[in-house]
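**Q** Numbered by my numbering, the letters in the sequence shown go through residues 19 to 180 in order.
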Amino acid sequence: MILEGADGFLEALHRRIAARGHAVVVVAEGTGQDLLREDDAPAQRDASGNLRLLDVGAFLRGQIETDLQRRGVRHTVKYIDPSYLIRSAPAMPSDAVYSSDLARNAVHAAMAGFSGLLMGSWNGEYTHVPLREVVTRRREVDLEGDLWHAVLESTGQPAFWG
């Protein structure tokens, strides 16, 4: 993630606010860890050995506030951590059924002696997906595809963000 400079996030955000009067920023958990972590500080891990992610949302909120104040832009920044919202909203019936089916199939897999997998759904069938297959490659959005162009069109996001 590049914050500063002509092609940086803060400049693009400023252009968006100037053009539309508002902006919504959504950032994935784990993004920008290189900006947050001290150079000499070792990454912390939880009891299971998983990397503890630093809060990029709070960091970006501070960077955005500072940048907009420096530019003299009147603004209000709302920071919403969706993990709390997701847990507080009742599930839609279809989501509840799907989650229940995944859980039931996961229990059946575990009782059959399987491990190192996650439950998935492929063409309407529940599948065992080996964890090594999940983490061996990154899924990428086709920057020439219809989905990405629809995102750009609906958000007004500049194409260089891809």
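Virtual Cβ for every residue (Gly too), placed ideally from N, Cα, C.
Computed from a prediction, not measured in an experiment: that's the story for all the values here.
1. GLU143 lies in the beta strand (DSSP E); which residues open and close that run?
2. With a Cβ-Cβ cutoff of 8 Å, do ARG63 and LEU69 count as a contact?
3. Secondary structure at MET129, three-state DSSP: helix, strand or coil?
4. Output needed for LEU135: all residues of its chain with C-beta closer than 7 Å, excluding positions within five of it in sequence on either side, in chain order.
5. Rounding to the nearest angstrom, what Cα-Cα distance links GLU162 and ALA30 in this structure?
6. Does the distance between the C-beta of ARG156 and the nearest non-hydrogen atom of the ligand MG fall short of 7 Å?
7. Taking the DSSP output, what are the residues bridged to GLY138?
8. For LEU78, count neighbouring Cβ atoms within 10 angstroms of its own Cβ and tell me buried if that reaches 16, exposed if not.
9. Nearest to ASP99 by alpha carbon, out of PRO60, VAL74, ARG157?
10. Give me the residue from MET19, HIS93, GLY80 with the minimum Cα distance to ALA36.
11. Which value, in whole angstroms, describes the spacing of the CA atoms of ARG55 and GLY48?
12. My output table needs one value for LEU28: the three-state DSSP class, helix, strand or coil.
**A** Here's the rundown:
1. Counting from 1 along the sequence shown, the entry for residue 143 is found at position 125. In this chain, the beta strand (DSSP E) harbouring GLU143 covers 143–148.
2. Reading the sequence shown from its first residue, position 45 is the one you call residue 63. Reading the sequence shown from its first residue, position 51 is the one you call residue 69. In this structure, LEU69 lies closer than 8 Å to ARG63 by Cβ.
3. Here residue 129 corresponds to residue number 111 of the sequence shown, with the count starting at 1. Note: MET129 maps to helix in three-state DSSP.
4. The sequence position of residue 135 within the sequence shown is 117, counting from 1. ALA127, HIS146, VAL147, PRO148, LEU149, listed in sequence order.
5. Residue 162 sits at position 144 when you count from the first residue of the sequence shown. Residue 30 sits at position 12 when you count from the first residue of the sequence shown. The straight-line gap separating the alpha-carbon atoms of GLU162 and ALA30 is approximately 21 Å.
6. Among the ligands in the structure shown, none appear at all, so the ligand MG cannot be discussed.
7. Mapped onto the sequence shown, residue 138 falls at position 120. BP columns for GLY138 point to THR145.
8. The count along the sequence shown starts at 1 and reaches residue 78 at position 60. By the neighbour-count rule (16 or more Cβ atoms within 10 Å), LEU78 is buried.
9. Taking the sequence shown and counting its residues from 1, the one referred to as residue 99 is at position 81. The residue with the shortest Cα to Cα distance from ASP99 is VAL74.
10. Here residue 36 refers to the residue found at position 18 of the sequence shown. When the alpha-carbon of ALA36 is set against those of MET19, HIS93, GLY80, the nearest one is in HIS93.
11. Along the sequence shown, one-based indexing puts residue 55 at 37. Along the sequence shown, one-based indexing puts residue 48 at 30. Cα to Cα, ARG55 sits roughly 11 Å from GLY48.
12. As a position in the sequence shown, residue 28 is number 10, starting the count at 1. LEU28 carries a helical assignment under DSSP once its states are collapsed to helix, strand and coil.
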